[in-house]
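Numbering follows our numbering, in which position 15 of the sequence shown is assigned residue number 26; successive positions increment by one, without gaps. Idealized CB from N, CA, C, for every residue including glycine. All values reported here derive from a predicted model rather than from experimental measurement.
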Amino acid sequence: MLIDSYGRTLDYLRVSVTDRCNLRCIYCMPPEGVEWKTHETMLRFEETLRICQIMAELGIRKIRVTGGEPLVRRGLSAFIKKLKALEGIEKVTLTTNGFLLGNYLDEAETLGSDSLPDGINISLDAINPESFRRITRQDSISPVNILMFMDRLLEKGIVVKINCVPVHSYNEEEILPLAALAKDKNIVVRFIELMPLGSAAELKPVPGSEVVLLLRNAYGTLTPFYGLGGSGPAVYYSLPGFAGKIGFINAVSHGFCESCNRLRLSSEGFLKLCLSDELGLDLRKPLRAGASDRELAQVITEAAAKKPRFHNLSEVYGTHPAKGQHPDGMSGIGG
Ligand code: SAM
Ligand code: SF4
């Protein structure tokens, strides 16, 4: 088992398969993009799978595939199929901007339903095309093209969550229409507080408490809902007459580090211990130098024990907030 020095059991791994992306979301990447990592430095799928297998033997039970935009990487459905087949792994999920979901679903249909993740989180910050374009800095995509995949995913039994990061002066007016997506469909719409990483440090967040007020005024009382399981940072609510649920990830105003169970693996094989901290371990080096599984398991276990107690994204844990750190922003971290 992977247990850190504060007694937290680490059983959730977020795996970034690329730092590349077809969008340039204002809170995640600078307009000019970031310098892409080279193919040589990125882990091959077999290398990532080997690390995941070792980590599954160490107690990882859930894996989320993320990026950059994971769907820009070719062969993703075959990779997900292999991840799902790893002994010990109970759940494999995907976080995507949704733009390439059509191709992905076609490919996954050919490979069989076991190449589909158990859940898909689609990041969508606006339904209004103009607001969507302002946020993603991408002119050729319409949110309608993304929304149309929802039914196809639900038909396949995939749990669908929409992730929205409310940003002052960009998408406050999108909060109600996005929440309304959960009215008729059994999906979850989640609002994630903006974290001041990279270029996001210049933006003004809309705190979760404001979103709650907006929703309450428009749709009625939010009743806590505990049926979605998981020990993650999200809290869930039901709203009168809604088929789906509403969620909040208030990482900045509240924090959830006491029960954090996650580790992150970058596309270059860096095992990152905390979202807001550079601490971690380069696994690519020993992996490519011929380390055995046992040796890799040992260094992973030692590194995991050093997971920091708290993030420093706000003053919630009494630390001085370090704004703008991690200059690449979230695309290099994987969310
Ligand atoms: N490209 C995929 C996507 O957008 O879903 C996966 C990677 S993206 C980095 C993962 C998640 O991080 C997205 O839901 C995105 O909204 C979120 N994210 C990115 N930058 C953020 C920030 N500064 N604060 C809060 N969430 C952020
Ligand atoms: Fe790309 Fe996702 Fe970052 Fe947007 S949030 S720029 S889609 S990696």
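Report yes if the CB atom of residue i is closer than 7 Å to the CB atom of residue j, and no otherwise.
i: E355; j: V155; result: For residue 355 there is no data in the structure shown, the boundaries of the chain being 12 and 346.
i: A4; j: V200; result: The question about residue 4 has no answer, for the chain in this structure spans 12 to 346.
i: S88; j: S126; result: yes
i: D15; j: A302; result: no
i: I133; j: G109; result: yes
i: T107; j: P81; result: yes
i: E58; j: L298; result: yes
i: K196; j: G255; result: yes
i: A314; j: L276; result: no
i: I37; j: I146; result: yes
i: C268; j: H179; result: no
i: N272; j: L21; result: yes
i: S249; j: T234; result: yes
i: Y17; j: R320; result: yes
i: L13; j: G70; result: yes
i: K92; j: L60; result: no
i: S287; j: S27; result: no
i: N33; j: V76; result: no
i: P42; j: R35; result: yes
i: S142; j: E183; result: no
i: L97; j: P128; result: no
i: I131; j: V103; result: no
Which residue or residues does DSSP assign as beta-bridge partners of residue i?
i: R25; result: R75, R275
i: S249; result: T234
i: L282; result: L276, L292
i: F202; result: C175, F259
i: T52; result: According to DSSP, which records beta bridges pairwise, T52 is partnered with nothing at all.
i: I14; result: T20
i: P216; result: V178
Could you tell me the boundaries of the beta strand (DSSP E) in which residue i lies?
i: F259; result: 256–260
i: C175; result: 170–175
i: N132; result: 130–134
Which residue comes first and which comes last in the alpha helix (DSSP H) that contains residue i?
i: N156; result: 154–158
i: L187; result: 186–190
i: I311; result: 304–315
i: S124; result: Here S124 belongs to no alpha helix (DSSP H), and DSSP marks it neither H nor E.
i: E141; result: 140–147
### Query
Which full runs of the alpha helix (DSSP H) of 4+ residues lie inside the region 81–122, going along the chain?
DSSP runs (the alpha helix (DSSP H)) wholly in the region 81–122: 87–96, 112–122.
### Query
Whose beta carbon lies closer than 6 Å to any heavy atom of ligand 4, going through the chain in order?
With respect to ligand 4, the structure shown offers nothing to examine, as its ligands consist of ligand 1 and ligand 2.
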